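*Asks:*
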Amino acid sequence: MSHELFSAGVERYRAISSAYHRGAVGVLLVYDITKRATFENVQRWLKESRDHTDSNTVITLVGNKSDLKRLRKVSTDEAQIFATENGLLFIETSALDASNVEIAFQSTLTEIYCVVSNKSLERKTGGIEMI
137 MSHELFSAGV
147 ERYRAISSAY
157 HRGAVGVLLV
167 YDITKRATFE
177 NVQRWLKESR
187 DHTDSNTVIT
197 LVGNKSDLKR
207 LRKVSTDEAQ
217 IFATENGLLF
227 IETSALDASN
237 VEIAFQSTLT
247 EIYCVVSNKS
257 LERKTGGIEM
267 I
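According to my numbering, the sequence shown holds residues 137 to 267 in order.
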């Protein structure tokens, strides 16, 4: 699984993007719900991820710092809509109090397992859909 390292779009991370994504089966795109710029950069990081990974790679959008609701600059609805429109899993977490952190990883890994299992089944059946 790949972990997206971005700090409001720092360019030096883009240079290693291809190597960092190589072989990834999952990507976590993490933004700070209290800093709009980090959410605005998600579109670019999503493109980077899709450009350098297999089309079956599972991508999860993670809004971090959910414990700071009063400082929120990105609504849950806005992020959920973005995730849905782009075929991403979505969850909000708080690293401070550990809420939903484990669930974010478990959900991503469960989806990866489903994708890998389906690919394995397709190979076994020769691409014929079993009903």
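No residue lacks a Cβ here, since even glycine has one placed at the ideal position from N, Cα and C. Computed from a prediction, not measured in an experiment: that's the story for all the values here.
To the nearest angstrom, how far is the alpha carbon of A180 from that of D187?
*Replies:* Within the sequence shown, the letter at position 44 stands for residue 180. Within the sequence shown, the letter at position 51 stands for residue 187. According to the sequence displayed, residue 180 carries Arg and not Ala. The straight-line gap from Cα to Cα measures roughly 10 Å.
*Asks:* Report the three-state DSSP secondary structure of M266 (helix, strand or coil).
*Replies:* By 1-based counting over the sequence shown, the position of residue 266 is 130. For M266, the predicted model reports a pLDDT of 43, less than 50, meaning its position is unreliable and no value from the coordinates is stated.
*Asks:* Would you list, in sequence order, the uninterrupted beta strand (DSSP E) runs of no fewer than 3 residues that lie entirely inside the region 150-201?
*Replies:* 162-168, 194-200
*Asks:* Excluding the 5 residues preceding and the 5 following I264 in the sequence, name in chain order all residues of the same chain whose CB lies nearer than 6 Å to its CB.
*Replies:* Position 128 of the sequence shown, counted from the start, is the residue given in the question as residue 264. A caution first: I264 carries a pLDDT of 47, below 50, which makes its placement in the model unreliable, though a value can still be read off. Excluding residues within five positions, none has a Cβ falling inside 6 Å.
*Asks:* Any idea if V210 is buried or exposed, counting beta-carbon neighbours within 10 angstroms, 16 or more meaning buried?
*Replies:* Counted from its first residue, the sequence shown places residue 210 at position 74. With 16 or more Cβ atoms within 10 Å of its Cβ, V210 is classed as buried.
*Asks:* Can you look up L207 in the DSSP assignment and give me helix, strand or coil?
*Replies:* Residue 207 sits at position 71 when you count from the first residue of the sequence shown. Helix at L207.
*Asks:* Any idea if A155 is buried or exposed, counting beta-carbon neighbours within 10 angstroms, 16 or more meaning buried?
*Replies:* Stepping through the sequence shown from its first residue, residue 155 is reached at position 19. Exposed.
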